[in-house]
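Just so we're aligned: 234 in our numbering is position 234 of the sequence shown, and the numbers increase by one with no gaps anywhere.
Note that beta-carbon positions come from the ideal geometry of N, C-alpha and C, so glycine has one too.
Treat the numbers as computed from the prediction; the structure is a model and nothing was measured.
For reference, the structure discussed in these notes is given below.
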Amino acid sequence: MKLSEFFRLWVENYYQNIALIGKKGDFFTAVSVGNLFGTLLAKHFLTLIDKKILTPPLQVIEIGANEGYLSRDFLSALMEFRPEIFKDLEFFIIEPYEKLRALQRKTLQDCELIHKNSLQDCEFSNAYIFCNELFDSFSCELINGKTMAFVDDDFKLYFAPSDEKIQKECEELGLKIGELSQELNLFFKQLDKACKSFVLSGFDYGVLKPDKLSLRIYQKHEVFDPFKLDLKKFFGKSDLTYNVNFTHLLKLIKDYNFKLLAFEKQSQALSKFDFEEVLNHTKNKNIQSYENFLSQAKRLFFGFDDKFHFFEFQKI
Numbered sequence: 001m002k003l004s005e006f007f008r009l010w011v012e013n014y015y016q017n018i019a020l021i022g023k024k025g026d027f028f029t030a031v032s033v034g035n036l037f038g039t040l041l042a043k044h045f046l047t048l049i050d051k052k053i054l055t056p057p058l059q060v061i062e063i064g065a066n067e068g069y070l071s072r073d074f075l076s077a078l079m080e081f082r083p084e085i086f087k088d089l090e091f092f093i094i095e096p097y098e099k100l101r102a103l104q105r106k107t108l109q110d111c112e113l114i115h116k117n118s119l120q121d122c123e124f125s126n127a128y129i130f131c132n133e134l135f136d137s138f139s140c141e142l143i144n145g146k147t148m149a150f151v152d153d154d155f156k157l158y159f160a161p162s163d164e165k166i167q168k169e170c171e172e173l174g175l176k177i178g179e180l181s182q183e184l185n186l187f188f189k190q191l192d193k194a195c196k197s198f199v200l201s202g203f204d205y206g207v208l209k210p211d212k213l214s215l216r217i218y219q220k221h222e223v224f225d226p227f228k229l230d231l232k233k234f235f236g237k238s239d240l241t242y243n244v245n246f247t248h249l250l251k252l253i254k255d256y257n258f259k260l261l262a263f264e265k266q267s268q269a270l271s272k273f274d275f276e277e278v279l280n281h282t283k284n285k286n287i288q289s290y291e292n293f294l295s296q297a298k299r300l301f302f303g304f305d306d307k308f309h310f311f312e313f314q315k316i
């Protein structure tokens with residue numbers, strides 16, 4: 001079995017059984033830090049509207065929402081800063097797993113939420129899409145020269161020659177060793193078909209020039225090498241992930257003639273999302289919330305390494 005097929009089965013089992021994120025889960029994300037992350041994203045969204053990069057009415061969509069905390073924080077901030085905007089918004093979450101849908105409905109019980117199973121089920125005319133650590137959950141191949149990874153019946157990883165199509169794509173990307181996600185190719189195809197126009201804002205960790213295999217497992221905040229484990233004991237019970245190949249992402253943006261609006265370190269981007277204005281607004285209303293935001297900011301700006309990036313692109 002190709003590693004990508006094994007990866008897909010692993011992720012499906014993991015998320016169908018509800019993957020917990022944060023202190024009680026296997027890993028942290030920026031959302032786990034607190035509501036400042038979603039608040040800053042909401043302020044950035046309003047800036048896109050004020051600059052007329054986005055023009056309401058809009059469909060607002062989160063992909064990969066897990067429990068729905070980012071959407072909750074995003075919508076709460078919109079209510080705080082510009083409640084009148086809601087008359088021009090429809091809110092969607094793309095979520096294939098019913099257990100996670102139930103959690104999202106509970107988290108967002110005061111929101112008129114529309115669930116969709118996949119991008120293939122969608123027809124958006126004017127969309128704003130956001131996602132956090134989505135692409136690192138896409139299935140991938142492990143590439144090492146002209147070989148790729150497979151998984152045998154005993155759940156052991158091994159390498160064998162890759163096919164010509166894979167080799168050609170690797171040559172186009174200049175990829176000699178690392179991960180290649182053909183699911184990312186499919187996502188862009190579906191995204192282009194599903195949306196007449198959109199802006200997508202995303203956060204993920206990765207590198208521009210992969211120079212090693214980064215596939216790894218997170219379980220209760222410990223990192224494990226999948227080549228040194230009995231994978232049967234971890235299968236579908238822990239997070240399987242890797243560094244996103246940002247060269248691949250940027251190439252797809254160019255190939256589809258989408259407009260790249262931003263690509264920078266996550267901490268740099270967040271500091272530009274009206275952070276000082278958010279702090280001043282909060283300080284004037286509630287000093288405890290202000291101090292909480294300051295504490296969260298330290299973790300958001302300094303607690304995530306340089307692999308974490310913000311990217312944003314547009315279809316007009």
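- The shortest C-alpha to C-alpha distance from Phe310 to any of Glu277, Leu40, Gly236, Ala102 is the one to Leu40.
- Under the three-state reduction of DSSP output, Glu112 falls in the coil class, being neither helix nor strand.
- Less than 8 Å divides the Cβ of Lys265 from the Cβ of Asp306.
- When DSSP states are grouped into helix, strand and coil, Ile287 belongs to the helix group.
- Between the alpha carbons of Ala102 and Lys87 lies a distance of about 25 Å.
- Shown here for Lys196: same chain residues with a beta carbon closer than 6 Å to its own, the five before and five after excluded, namely Ser125 in chain order.
- As the crow flies, the alpha-carbon of Gln288 is around 43 Å from that of Glu123.
- When secondary structure is reduced to three states using DSSP, Arg8 falls in the helix class.
- For Thr147, the enclosing beta strand (DSSP E) has its first and last residue at 147-151.
- Each of Leu261, Leu9, His115, Leu36 was checked against the Cα of Phe301, and the nearest Cα belongs to Leu36.
- Approximately 6 Å separates the beta-carbon atoms of Ile63 and Ile129; this is inside 8 Å, confirming the contact.
- Note on geometry: alpha-carbon atoms of Phe198 and Lys285 lie some 34 Å from one another.
- For Asp163, there are no CB contacts under 6 Å within the same chain when 5 residues up- and downstream are skipped.
- Runs of the alpha helix (DSSP H) spanning 4 or more residues and lying entirely within the region 143-192 occur at 164-173, in chain order.
- Contact check for Asn144 and Ile177: beta-carbon distance about 5 Å, within the 8 Å limit, so the pair qualifies.
- For Lys2, the closest C-alpha among the options His281, Gln182, Leu48, Lys52 is that of Gln182.
- Taking each of Asn185, Pro226, Gln120 in turn and checking the Cα distance to Phe150, the smallest one comes out for Pro226.
- Around the beta carbon of Pro83, fewer than 16 other beta carbons lie within 10 angstroms, which makes this residue exposed.
- Where Lys212 is concerned, there is no enclosing beta strand (DSSP E), because DSSP gives it neither an H nor an E.
- The beta carbon of Leu231 lies closer than 7 Å to those of Phe155 in the same chain, with the five residues before and after it left out.
- For Ser118 and Tyr205, the gap between their C-alpha atoms comes out near 23 Å.
- Ala42 has its alpha-carbon roughly 18 Å from the corresponding atom of Asn292.
- When DSSP reads this structure, Thr55 sits in no beta bridge, so it has no partner.
- As computed with DSSP, Cys195 is found in a beta bridge with Phe124.
- When rounded, the separation of the alpha-carbon atoms in Ala262 and Phe188 is 17 Å.
- In summary, Glu222 is exposed, with fewer than 16 beta-carbon neighbours lying within 10 Å of its beta-carbon over all protein chains present.
- Judged by DSSP in its simplified three-state form, Lys259 adopts strand.
- For Lys99, the secondary structure class from DSSP, reduced to helix, strand or coil, is helix.
- Within the DSSP bridge table, the entry for Asn132 names Phe203 as partners.
- The three-state reading of DSSP puts His309 in strand, counting E and B together.
- Here the C-alpha atom of Tyr14 lies approximately 30 Å from the C-alpha atom of Ala269.
- With fewer than 16 other Cβ atoms inside 10 Å of its own Cβ, Asn280 counts as exposed.
- Our two residues, Trp10 and Ser76, have alpha carbons roughly 34 Å apart in a direct line.
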